[in-house]
Structures are given as structure tokens and as C-alpha cells.
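Engineer: Under the numbering used here, the first residue of the sequence shown carries the number 6, and numbering increases by one thereafter. Note that CB positions come from ideal geometry on N, CA and C, so glycine has one too.
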Amino acid sequence: MPTWFKRLLCTAALLSSAISSSQASMNDLHCLTQEFSGPDQNRAEYINATSEAARVFRIPPAILVGIKLVESGRGLNPYVTNNNNNGTTDRGYYQVNTEVWLPELRRIGLPIDQDQLHHVRNNALIAAWIYTRQLERVNNRLEAVGYYHKGGGTGAGSERIRSVYKEKFMEKIRYLTQLCGDVTQQLAAR
């Protein structure tokens, strides 16, 4: 196991003591991902990685699946990449922004490169870490979803971007509720 990855897990353990408890249920994840498209092996890899990330960071799995659906849809291509209008690049299922998050990860001692963001486990753990940081910032699970997408900025433009993102996320959560039962209770404020 790479040293940077061990450090990420140690950081997760430290952060998890302040986060509300939830367990990543494999049955929940199988239901939440039943309409994902791609090879069964990719689905299994996604479920395992997301389960681990949810468990390590104590995040309800529906939140991570909802973020993935907004960020990269139902497809199971871990190499999905998006070149943003501002010149930055998002990578992997959770569309981790390389220009924003790689320097921050390096700053805390996790020397990861952009290609490693396409590794499903890395992408899920880093996304959960990002979400956890935003949750610590705003202390509300749904607000943290908006900040996952648009972390900086307090002006009206940033708030509008977060609001649009949260509505897209809630559309996905409502759909997941139709498939798997009520997952909205997982969004209650901490």
C-alpha cells in the first residue's frame, strides 16, 4: 500500500471521530447502483470502493452515489475526464478537480498524481475526504454536497452554482428513493 494512501486513511480516521456514524451497507449499494451501465467487474469495483469510502469517512452511501450520479452519470468508466471552462480538469467517477485538490493533497503529505485519480478506490476515498472537509465547513450534509462541487466563493454566483448542483443532487436522491426506499433521511443535518 503506497505511503500517501496510508496517510489518507490516517487522516480519515482522525476526521471520522467528529463525523456522525453511518455504515456502508453492501445491500444498499447494490440497490443504489442497480441501473449503472458497464461491465459487472466495474460495478463491483465501484461498490467495494464506495463502501470502503463511506465506512472510513462515515458518510451514508446514498450521498456518495448521488454525487457520482451528478458528476459522471450512470456509466462505469473510471477514466471519465471533464475539461472545465476555467481550464481545470475533473477526473474519475467523482470528478475530482486536479488543479484544486492535488495541490491540497500534496500539502498534507499525499503525493498523488492525476492518473491515480482514475483508480476507483483512490477516487472514492479522495471524494469522501473532500465531502468530509466540506461537511466540517458547513455542518449540514446537503449544504456540503453543494460545497463539494463549488467549494470557494461566498458571492451570489457561487451560491447559485451550489444551489443548482444541490437540486440536481436531490433529483438523483429522489430517484434513488424510488428504487431503494427512502434514502433522504441520510441527508439530515449532522
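#1: Nearest to G43 by alpha carbon, out of R126, Y84, I68 and G71?
#2: Of all the options L81, I117, V188 and D95, which has the alpha carbon lying nearest to the alpha carbon of E50?
#3: What does the alpha-carbon distance come out to for the pair S26 and N87?
#4: From A58, I64 and E57, pick the residue whose C-alpha is nearest to that of N145; which is it?
#5: Suppose contacts are defined by Cβ-Cβ distances below 9 Å. Is A58 in contact with L69 by that definition?
#6: Cα-Cα, which of R112, F174, L184 and Y98 is closest to H123?
#7: Please report how far the alpha carbon of L140 lies from the alpha carbon of E148, in whole angstroms.
#8: Indicate whether the contact test is met: 3 or more Cβ pairs, each with one atom in the region 98-107 and one in the region 170-177, closer than 8 Å.
#9: For A54, I'd like the list of residues in its chain whose CB is within less than 7 Å of its CB, leaving aside the five on either flank, ordered along the chain.
#10: So within the region 70-152, which uninterrupted beta strand (DSSP E) runs reach at least 3 residues, ignoring any that extend past its ends?
#11: DSSP has S42 in a bridge; who is on the other side?
#12: Assuming T137 contacts F62 (C-beta within less than 8 Å), just tell me the rounded distance between them.
#13: Apart from the five residues on each side of it in sequence, which residues of its chain come closer than 7 Å, Cβ to Cβ, to Q121?
#14: Since K155 and R167 are thought to touch, with beta carbons under 8 Å apart, how far apart are those beta carbons, to the nearest angstrom?
#15: Just mark P116 as buried or exposed, buried being the case when its beta carbon has 16 or more other beta carbons within 10 Å.
#16: Any chance the CB of S30 is under 8 Å from a heavy atom of the ligand ADP?
#17: In its own chain, which residues sit with a C-beta less than 7 Å from the C-beta of D45, not counting the 5 before and 5 after it?
#18: Please work out which residues of its chain come closer than 8 Å, Cβ to Cβ, to R48, disregarding the five sequence neighbours upstream and downstream, and give them in chain order.
#19: Between L181 and A67, what straight-line distance do the alpha-carbon atoms span, to the nearest angstrom?
Structural biologist: Considering the structure as presented:
#1: Y84
#2: Comparing Cα-Cα distances from E50 to each of L81, I117, V188 and D95, the minimum goes to L81.
#3: Residue confidence is low: S26 scores 34 on pLDDT, short of 50, so the model does not pin down where it sits. Its coordinate-derived value is still stated next. C-alpha separation (whole angstroms): 33 Å.
#4: I64
#5: yes
#6: In terms of CA proximity to H123, Y98 leads the group R112, F174, L184 and Y98.
#7: 8 Å
#8: Taking 8 Å as the limit for Cβ pairs, the verdict is that the region 170-177 does not touch the region 98-107.
#9: V125, R126 and A129
#10: 86-88 and 94-96
#11: G80
#12: T137 to F62, Cβ: 5 Å. Contact.
#13: N127
#14: 5 Å
#15: exposed
#16: Absence of the ligand ADP from the depicted structure is noted, as is the absence of any ligand whatsoever, leaving it without description.
#17: none
#18: Excluding positions up to five away in sequence, the list reads T38, F41 and L81.
#19: 8 Å
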